[in-house]
Amino acid sequence: MIDEIRRVAVLGAGHGGCAAAAVLTLKGYEVRLHSRTEERLHPLRQGITVRHTHEGLATPSLLTTRLRDAVRGADLVMLVVPSVAHENYARALAPLLDPNQIVFLNPGHTGGGLHVAAALSKAGGPAVRLCETTTLTFICRMEGPATVGVYRETSNLRFAALPASGTPELLGRLRPLFPNLTAAANVLETGFMNINAVIHPPGVLMNAGWTEFTGGGFLFYKESITPSVARVIEAVDRERLAICSRFGLRAPAFVDYFAEAGLTTEEARRSRSVFRAMQESGPNKTIKAPASLDHRYIHEDVGYGLVPMTEFGKAAGIQSPVMESLITLASAAVDTDYRKGGLTLGKMGLSGMGVDRILSGI
Numbered sequence: 006m007i008d009e010i011r012r013v014a015v016l017g018a019g020h021g022g023c024a025a026a027a028v029l030t031l032k033g034y035e036v037r038l039h040s041r042t043e044e045r046l047h048p049l050r051q052g053i054t055v056r057h058t059h060e061g062l063a064t065p066s067l068l069t070t071r072l073r074d075a076v077r078g079a080d081l082v083m084l085v086v087p088s089v090a091h092e093n094y095a096r097a098l099a100p101l102l103d104p105n106q107i108v109f110l111n112p113g114h115t116g117g118g119l120h121v122a123a124a125l126s127k128a129g130g131p132a133v134r135l136c137e138t139t140t141l142t143f144i145c146r147m148e149g150p151a152t153v154g155v156y157r158e159t160s161n162l163r164f165a166a167l168p169a170s171g172t173p174e175l176l177g178r179l180r181p182l183f184p185n186l187t188a189a190a191n192v193l194e195t196g197f198m199n200i201n202a203v204i205h206p207p208g209v210l211m212n213a214g215w216t217e218f219t220g221g222g223f224l225f226y227k228e229s230i231t232p233s234v235a236r237v238i239e240a241v242d243r244e245r246l247a248i249c250s251r252f253g254l255r256a257p258a259f260v261d262y263f264a265e266a267g268l269t270t271e272e273a274r275r276s277r278s279v280f281r282a283m284q285e286s287g288p289n290k291t292i293k294a295p296a297s298l299d300h301r302y303i304h305e306d307v308g309y310g311l312v313p314m315t316e317f318g319k320a321a322g323i324q325s326p327v328m329e330s331l332i333t334l335a336s337a338a339v340d341t342d343y344r345k346g347g348l349t350l351g352k353m354g355l356s357g358m359g360v361d362r363i364l365s366g367i
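And the structure:
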C-alpha cells in the first residue's frame, strides 16, 4: 500500500499537464512528464516556466515519450489528456500498471472513470484504484512553448473514486498535492459537474460563422456568450439537472458551480444569469475562442460530454431535446457522427442498465 505519494507520472503535456507537472515539481515531488511526441517535449527540456499564482522554473525529473518509463514505480499516474484519448491510454497502460498504483483522471469529464475502467478490464489490465475530478485542478493556459500561466487553482473541485467507497482514502492521499479537492458522492456526480459540456457546445456552434470568418479572433467567454447564447446554456443546464435528479444527485446549477469554482463573482451568482457570470469571469476573461470547429470544445465536449449525458438520460427515462439538438448540429457541422463515435453506455460497460443497476456498480 502507498502511504505517501512522492512519485507522479503526468501523462499529457498540454495546458493542464504542464501546469500539474510544473507546480508539483516546485512543491518537491518527483515528476515524470510524458508526451506522445518528442516535438512537444523538446522546448520543455530546459524547464517549464510558471507564471501568475505560481512563479518559478520547474525541471521535472524525467521527460519522456516512453510510457513504460513514465509509469514504472510511480505512486500516482495522472492522466491529463482529452477524453477522446482515454481508451487508447487505457489499452497502452494495461500491461504496465501495478494494482497498488493510483490512476487519477484529471479530468474525467463525463463517464471518464467508467470508460477507463471498462477499457482496462477489456485489455486485461489490473484492477487499479481509479479516481477522477470534474475538471482540471488548475485554470491555466500555455503562454509559450515552455511557459504555462497558472491563473488559479479550481476551488471546491469535485473528486470521486471508482467505486465510491474508496473516495475517503484516495482523497486523503491526493489532498497534500491538490488541497482544492472536495469529495463527491460518486463518479456520476463528478461526471455531471462537467460544465464544459454545458457551455462550450452552445458557445461554439452558435458562433460558428464568426469563428470560421475570424479564425477565433475574439474572446470566447466574454464576447461569444451573448444573452441568447446564455439562454441556450441555461436550457442545457436544466436538462443536466433533471438527469441528475433521477440519479439522486444534488448537483448545483451552472452559475452556482461556476462561482464555487472561483470563476465568477458572488453578485453574478445571486443574479442567476449565465450571461452576467460570463461577463464577470475574471479567470476566463482573456481566453480566446477556438480557431476552428475542429477543436476539443466540439469533439470532446459534444462526443464525450453531451453524448454520455443524454445516454444516462435515456437510461433514466429523461428527455433532453436541447442537448440532442446540439449533438445533431455538431455532427452535421463537422461531418462526424458523435452519437456513434462518442462515449456511450456500452463503452462505459453499462449497456442495457437502468438507474438502480448503474448506481449499484459505482
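Residue numbers (the numbering used here): 6 to 367. Where is the CB? At the ideal position from N, CA and C, for every residue including glycine. Note that the structure is predicted; figures quoted are calculated from it, not measured.
Segment limits, beta strand (DSSP E) that includes residue i
i: I230; result: Note, I230: premise wrong, no beta strand (DSSP E); not H, not E.
i: I53; result: 53-57
i: T138; result: 134-138
i: F143; result: 143-149
i: L49; result: Element bounds for L49: n/a, residue is neither H nor E.
i: A320; result: Note, A320: premise wrong, no beta strand (DSSP E); alpha helix (DSSP H) at 312-321.
i: G113; result: From DSSP, G113 is part of no beta strand (DSSP E); its letter is neither H nor E.
i: M83; result: 81-84
i: E60; result: Note, E60: premise wrong, no beta strand (DSSP E); not H, not E.
i: R157; result: 152-158
Pair within 7 Å by beta-carbon distance, residue i and residue j
i: G117; j: L125; result: no
i: G130; j: A90; result: no
i: V133; j: Q106; result: yes
i: I2; j: G318; result: Any answer about residue 2 is impossible in this case: the structure gives the chain only from 6 up to 367.
i: A282; j: V312; result: no
i: S325; j: T333; result: no
i: L298; j: A338; result: yes
i: A151; j: P295; result: no
i: G5; j: A123; result: One cannot answer for residue 5 here, as it falls past the ends of the chain, which runs 6 to 367.
i: A266; j: E285; result: no
i: G310; j: T140; result: no
i: T159; j: T172; result: no
i: S241; j: M211; result: A small correction: the amino acid at residue 241 is Val; Ser does not occupy that position in the sequence shown. Taking 7 Å as the Cβ cut-off, V241 and M211 do not qualify as a contacting pair.
i: V82; j: V55; result: no
Distance between residue j and residue i (C-alpha atoms, nearest Å)
i: T69; j: A165; result: 29 Å
i: T231; j: F280; result: 6 Å
i: H120; j: E92; result: 7 Å
i: I292; j: E60; result: 20 Å
i: M6; j: L167; result: Residue confidence is low: M6 scores 45 on pLDDT, short of 50, so the model does not pin down where it sits. Its coordinate-derived value is still stated next. Rounded to whole angstroms, M6 to L167 spans 17 Å at the Cα level.
i: G19; j: G113; result: 16 Å
i: N161; j: L182; result: 14 Å
i: E381; j: A258; result: Nothing about residue 381 can be read from this structure; the chain reaches only from 6 to 367.
i: A335; j: T270; result: 31 Å
i: R73; j: A97; result: 9 Å
i: R344; j: R301; result: 16 Å
i: L135; j: F225; result: 33 Å
i: F223; j: V209; result: 12 Å
i: A320; j: M358; result: 7 Å
i: A63; j: G149; result: 15 Å
i: Q51; j: T138; result: 30 Å
i: E9; j: H304; result: 37 Å
i: S356; j: L31; result: 44 Å
i: R275; j: R362; result: 37 Å
i: S66; j: P288; result: 30 Å
i: L348; j: H57; result: 36 Å
i: V237; j: P207; result: 7 Å
i: E228; j: G221; result: 11 Å
i: G196; j: R77; result: 29 Å
i: D145; j: R41; result: The sequence shown places Cys at residue 145, not Asp. Their backbone Cα atoms lie some 21 Å apart in a straight line.
Extent of the continuous alpha helix (DSSP H) run through residue i
i: G118; result: 117-127
i: A90; result: Taken as a continuous stretch (DSSP letters only), A90 belongs to no alpha helix (DSSP H), as it is neither H nor E.
i: T172; result: 172-179
i: Y343; result: 343-346
i: G22; result: 20-31
Run through the region 181-218 for me and flag every whole alpha helix (DSSP H) of 4 or more residues, listed as ranges in chain order. Runs of the alpha helix (DSSP H) inside the region 181-218: 192-197, 200-210.
Fully enclosed by the region 244-301, which alpha helix (DSSP H) runs are 4 residues long or longer? With a minimum length of 4 residues, the continuous alpha helix (DSSP H) runs that stay inside the region 244-301 are 259-265, 271-276, 279-284.
Evaluate the contact criterion for the region 144-158 versus the region 18-36: three or more CB pairs, one atom per stretch, below 8 Å. Contact holds: three or more Cβ-Cβ distances are below 8 Å.
Do the region 245-261 and the region 207-223 meet, that is, are 3 or more Cβ pairs less than 8 Å apart? Of all C-beta pairs linking the region 245-261 to the region 207-223, fewer than three are shorter than 8 Å, placing the two stretches out of contact.
Can you confirm whether the region 8-17 touches the region 31-41 when touching is taken to mean that 3 or more C-beta pairs between the two stretches lie within less than 8 Å? With the cut-off at 8 Å, the region 31-41 and the region 8-17 touch.
With a threshold of 8 Å, are at least 3 pairs of Cβ atoms found where one atom belongs to the region 178-187 and the other to the region 195-207? No: fewer than three Cβ pairs fall under 8 Å.
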